[in-house]
Structures are given as structure tokens and as C-alpha cells.
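Engineer: Dumping the structure here so I can ask a few things about it.
Residue numbers (the numbering used here): -18 to 534.
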């Protein structure tokens, strides 16, 4: 277990590993340059102050459903500052902050972020996200940017804890008190489980709020004013299994197929980046074995973490007659070809391994084996359609509709106990801005589920329609240009953002989403560019200082 006390002191963030992220060859010069940049980071009072606030987040477990301790700590912190802070019945945190003198007539602005994080854990790590703190380190990349990440056992929680921490620093810890009107902080829970905390808020929380600024953006130079809706779905069926006791065991063999070490990532932000979905590729391998007229039985098929994480690893154990080994090798060759041709550049770090293991005692029945393989193989995965909204300066378009197969749990077992060993479960996540394509995918999924004997349960939330004419959006772009000298991209995002829920509670509410440069969220490789955090908070500060003139030029 990590020492939480040490994490509360930013001076103890590991500097020794700073040169590890340099793209240049190791040398005394590069190491000295890395150390110099880190000293500059700590000398920057804004970055140092925000990191101290973020270290508090990292010191307490706050995965979805496990946020109570952090919520209580922050509530007391705000109350000690003299603010009107309280925790709702749904465990969300609300805090009203009065305007500074002379800004009392400015419109009420809500600053809104989520408290919870996705807890990705390194394979074979002893790290326990329900109890352990997050250990951090600062690296310097080849362009000289200071990058904060975990030390590799877990995800970082910068999504969206870093921008929450930046706002807390701005309103409570920064020495310079800036001009702002009345503010309402809305910190929600269980966002990563389908915006559940936001859906528990009462309409009265948004009474009199004119503008809402969501803190869950992933790019400092992107101001978002729209997002996709989402639907998390669990497909399940009873695991029909049987004991496996062949008369001549020498005629049979069991192999374990494993894809591991791929990038994984966020099922929204990273879905169009050519990442391997390990579950889908294992299912494709198994389906190809059927296409090669090979007969086999599954003993297990497991992979992934949860619905909204692209699975970086998956494995399956299959049993077949030794005389079928050549057919198996043909399918493996096809998988290796696909990895090389389709993922050789976009996701080259992982590997496929297979080896013979002892024969298992139980296997799925032939019918159950085929139903699992054909169902997962037939599911759509990845990008299905694009919008006509540009997401960056290169002309790339925002994804409209996508599906991620996030997790599969399938193990032949003699009992149906409380750990669901007697159930086969497949978790997917569908994202869509329009209803046109999502309705097609839903129909296809439902028809396949019925054909292969799966039942489904789901949680969904609406989309937030993009409005490029938003005065708040244009004002934020002006503030970003004033602070950075650069032009922001006004766009929509292919992720679920809580403003989608707020559009139903307050249809006339004008909203945007901002953030810092966060990469590989929902994975152990999650990182944040510290310079972009400073850009974000200074842009937000300028926007809030001029909120009474949002419609100005």
C-alpha cells in the first residue's frame, strides 16, 4: 500500500525518472535539461499549487461508487473557506461561492466536473484501487513538455480530477483573488458509470444558472459545445457447461490464446485511433477456427475491465483434438497477419502468445461455445459513422457513432455462485450524436442477442447537440486566444459529457466544456501535459472575470 502522506507533498513527486520519457538518446546533457525543466515546473506557483490540490485527489481512492471519502473531505474544505457547501442525497457535492465586490450583478455560472475516475490497473499488479493511493511522477517528453502520469500501476485520474483540482486552487488557494460573479460548483459522482450522479441531481440545482462550464475536456485548445449520447449494455446468458473426461486424453489438447500489452484507452476519445480491441480479435480468431471447419470447445474467454475502456488484453482457453492443430495454426497465421497489417503502426506495442496447457476439467457445451463466439464476433466494434463537424485543424471529423466491446466474462463452472461464474457476461458501450445510426446498431445487437440466447440490461443518457453560435463558446475562444495567442477549435466530442443530462433539466442553459491535454485516459498510460493545465485555468479565470460581457466582441 502506498504511503498517502508522502503524496500530499509535491516536492516528493519522483524526479529521478524524469529523463525516461525523453526521445533523445541518454546523455548527461539530456538528463540535466530534464532536471532543469522539472525545477522550472516546481518554481511555477500555478502548476505547483494545482499539483498540491491534485495530490489530495490521488491520496484517496475515488473510483466510481467509492467517492464518499473524497466528497466529504472536499465539502469540509469548502465549508472551512466560508462557502455554502453541502452533499446531496445522491452524494454529489454542491458549493455556492459569492461574487467579489462589484460583480454581484453578474450572471450565475456553474462550474461542473465529476469526482470519480476509471481505475485501470496494470496486469499482475498488487495495486488495489479500492484502498490504495495513486503514486505520481513527472517526465519530460521530446518537445520539452512536462508530463504528469502515474508510476505505472494504475490510471492517473486526471479525467477529470486535474481540472477539478485546478478550479479548487483558483478559488481557494491562489494568492491573487480575481474578479468573478456568483459561482456554483457542482461536483458529481459515478460519471464514468453512465453519468449516474448527474442524473440524480434535482432541477433546482440549476435554478438561476445562466451559464455552465463543464471541466471534463481533454484538449486545452478545444472548446466543446456538444457531445454524443451513450448506452452501456450488459448481455448475459447462463453458462451451459459440462465435465470434460475424454477416454483417451492423449488425443486431445488445450491451448490458451492471449493478446496482451496493447494501448487500450478511452472508448470515446481513442476509438478512432486504430487501437486493438483484444476481445474482438480473440473472437475473430475463434470464429476463423470455425470457418476452417475446426471443431473445438471453449473452457474460458475473458478480457477487458469495463464497458468504456478499450480492452488491452484478453485470453481464451480452447480444447480440441490434436489432429486439428494444423487448422488452428492457419487461424493463428491470419490473426498475426491482421495485427501486422492493421495495427503495425497504430498499436504495435502488444503481443499475441499461445501455448499448450493441461486439459481443463470443464468446458462449455458445443452449442454454448458457438453462441458465445458467433455473438461476440458478429458485434460491431469501433467507428461506425462520422459527423460533418471538424474536431481539429487537420480537417478530421468528429465520430458520430461507435461501439466498444469492453469486457467479457466467460468461464465453464459447475456452480452458479455469487461471483457470476455461472453467467456469461459481455459489456459493450454505444456512443452516438444522432439517432440514425445508433438505432441501426441497436436493432442489429438485439436481433443477434435473441438469436444466440442473450438477455440484455442497459443504462443510457442523451446527446448534447452542437451549437457553434453559442455566445459562451465564442467568449471562451476569445479568452483562450487572449491568454495563449493561439486559436481554439470549437467542436463537439465523441464522449458522454454531463451537459447532455443538463439539457433535459434546463433546456435554455448555455454550456461549454473545457479541459487540459489528457492522453490515454482510462488506462495505466494516462497522462496530462502540465503546461496545458496552466493554459486551462488562466483561460477559465479570464472567462469568469469577463462573464458579464459574454456577448461582447
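Ideal Cβ positions, reconstructed from N, Cα and C, are used throughout, including at glycine.
1) Please report the distance separating the alpha-carbon of residue 370 from that of residue 454.
2) Does DSSP classify residue 105 as helix, strand or coil?
3) Please list the segments of the alpha helix (DSSP H) lying wholly inside the segment 443 to 523, counting only runs of 4 or more residues, in order along the chain.
4) Would you call residue 334 buried or exposed, if buried means 16 or more other Cβ atoms sit within 10 Å of its Cβ?
5) Return the first residue and the last residue of the beta strand (DSSP E) that residue 374 is part of.
6) Quick check on this structure: which residue in 200, 224, 523 has the alpha carbon closest to the alpha carbon of residue 347?
7) Within a Cβ cutoff of 6 Å, which residues of the same chain sit near residue 34, ignoring the five residues on either side of it in sequence?
8) Along the chain, where does the alpha helix (DSSP H) containing residue 427 start, and where does it finish?
9) Can you find the residues in the same chain that come closer than 8 Å, C-beta to C-beta, to residue 252, ignoring five residues on each side of it along the sequence?
10) Enumerate in chain order the residues of its own chain whose CB-to-CB distance from residue 141 is below 7 Å, with the five nearest sequence positions on each side excluded.
11) Under 8 Å Cβ to Cβ from residue 263, same chain only, skipping five residues before and after it: list those, please.
12) Distance check for residue 509 and residue 498, CA to CA, integer angstroms please.
13) Measuring straight from C-alpha to C-alpha, what distance separates residue 373 and residue 302?
14) Taking residue 117 as part of the beta strand (DSSP E), name the residues at either end of that continuous run.
15) Expressed to the nearest angstrom, what Euclidean distance is found between the alpha-carbon atoms of residue 58 and residue 116?
16) Hey, how far is the Cα of residue 465 from the Cα of residue 126?
17) Please name the residue in 234, 317, 305, 218 whose C-alpha comes closest to that of residue 265.
18) To the nearest whole angstrom, what separates the beta carbons of residue 353 and residue 391, a pair I think is in contact under 8 Å?
19) In the DSSP output, what is residue 246 paired with across the bridge?
20) Evaluate residue 329 with the Cβ neighbour count: other Cβ atoms within 10 Å of its Cβ, from every protein chain shown; 16 or more gives buried, anything less gives exposed.
21) Any contact of the segment 55 to 72 with the segment 81 to 88, i.e. 3+ C-beta pairs under 8 Å?
22) Looking at the unbroken alpha helix (DSSP H) that takes in residue 239, where does it start and where does it end?
23) Tell me, please, which residues DSSP counts as bridged to residue 67.
24) Bridge partners of residue 350, per DSSP?
25) Are at least three pairs of beta-carbons, each pair with one atom in the segment 155 to 172 and one in the segment 209 to 225, less than 8 Å apart?
26) Report, in whole angstroms, the separation of the C-beta atoms of residue 230 and residue 51, which I expect to be a contact under 8 Å.
27) May I ask which residues mark the beginning and end of the alpha helix (DSSP H) holding residue 56?
28) Drop a sphere of 10 angstroms on the beta-carbon of residue 422, count the other beta-carbons inside from all chains shown, and report buried for 16 or more, exposed for fewer.
29) Spell out the partners DSSP gives residue 366 in its beta bridges.
30) So the candidates are 525, 325, 517; which of them puts its Cα closest to the Cα of residue 143?
31) Nearest-angstrom Cα distance between residue 524 and residue 190?
32) Whole angstroms is fine: what's the gap from residue 488's alpha carbon to residue 274's?
33) Is there at least one non-hydrogen atom of the ligand NAP closer than 7 Å to the beta-carbon of residue 375?
34) Counting only runs of 3+ residues fully inside the segment 136 to 176, write out the beta strand (DSSP E) ranges in chain order.
35) Please classify residue 98: does DSSP put it in a helix, a strand, or coil?
36) Is it right to say residue 399 is buried, meaning 16 or more other beta carbons lie within 10 angstroms of its own, or is it exposed?
Structural biologist: Reading off the structure:
1) Whole-angstrom Cα-Cα distance: 15 Å.
2) Coil.
3) Listed in chain order, they are 452 to 465, 480 to 486.
4) Classification of residue 334: exposed, given that the 10 Å Cβ count is below 16.
5) Premise fails: residue 374 is in no beta strand (DSSP E) and is neither H nor E.
6) Ranking 200, 224, 523 by Cα distance to residue 347 puts 224 first.
7) Excluding residues within five positions, the ones whose Cβ falls inside 6 Å are 146, 149, 150.
8) From DSSP, the alpha helix (DSSP H) with residue 427 extends over 416 to 433.
9) Counting only Cβ-Cβ distances below 8 Å, and skipping sequence neighbours, we find 291, 363, 364, 380, 383, 385, 412, 475.
10) If the five residues before and after residue 141 are omitted, its C-beta is found closer than 7 Å to the C-beta atoms of 94, 95, 196, 197, 496, all from its own chain and listed in chain order.
11) Counting only Cβ-Cβ distances below 8 Å, and skipping sequence neighbours, we find 238, 240, 282, 284, 295, 296, 297.
12) Their backbone Cα atoms lie some 6 Å apart in a straight line.
13) Residue 373 and residue 302 have their C-alpha atoms spaced approximately 53 Å apart.
14) 117 to 121 is the span of the beta strand (DSSP E), which, as asked, contains residue 117.
15) Cα to Cα, residue 58 sits roughly 23 Å from residue 116.
16) Distance between the alpha carbons of residue 465 and residue 126 is about 16 Å.
17) In terms of CA proximity to residue 265, 317 leads the group 234, 317, 305, 218.
18) The C-beta separation of residue 353 from residue 391 comes to about 6 Å, placing the pair in contact by the 8 Å criterion.
19) In the DSSP output, where bridge partners are listed per residue, residue 246 has 291.
20) Counting Cβ neighbours within 10 Å, residue 329 comes out exposed, since fewer than 16 surround it.
21) Judged by Cβ distances under 8 Å, the segment 55 to 72 makes no contact with the segment 81 to 88, as fewer than three pairs qualify.
22) Looking at the DSSP string, residue 239 is not in any alpha helix (DSSP H); the run it does join, the beta strand (DSSP E), is 233 to 241.
23) The beta-bridge partner set that DSSP reports for residue 67 consists of 75.
24) Residue pairing of residue 350 in beta bridges, as defined by DSSP: absent, with no partner found.
25) Below 8 Å, too few C-beta pairs join the segment 155 to 172 and the segment 209 to 225 to call them touching: fewer than three.
26) That pair is no contact at about 54 Å.
27) Element bounds for residue 56: 49 to 61.
28) Residue 422 should be labelled buried.
29) Residue 366 has 382 as its beta-bridge partners, per DSSP.
30) If we check each option's Cα against that of residue 143, 517 comes out closest.
31) For residue 524 and residue 190, the distance between alpha carbons rounds to 16 Å.
32) CA-CA distance, residue 488 to residue 274, rounds to 56 Å.
33) The ligand NAP is not part of this structure, which contains no ligands at all.
34) Listed in chain order, they are 164 to 169.
35) Under the three-state reduction of DSSP output, residue 98 falls in the strand class.
36) For residue 399, the predicted structure reports a pLDDT of 41, less than 50, and the residue's modelled location is therefore unreliable. A value from the coordinates is still provided. Burial state of residue 399 is exposed, judged by a 10 Å Cβ sphere holding fewer than 16 other Cβ atoms.
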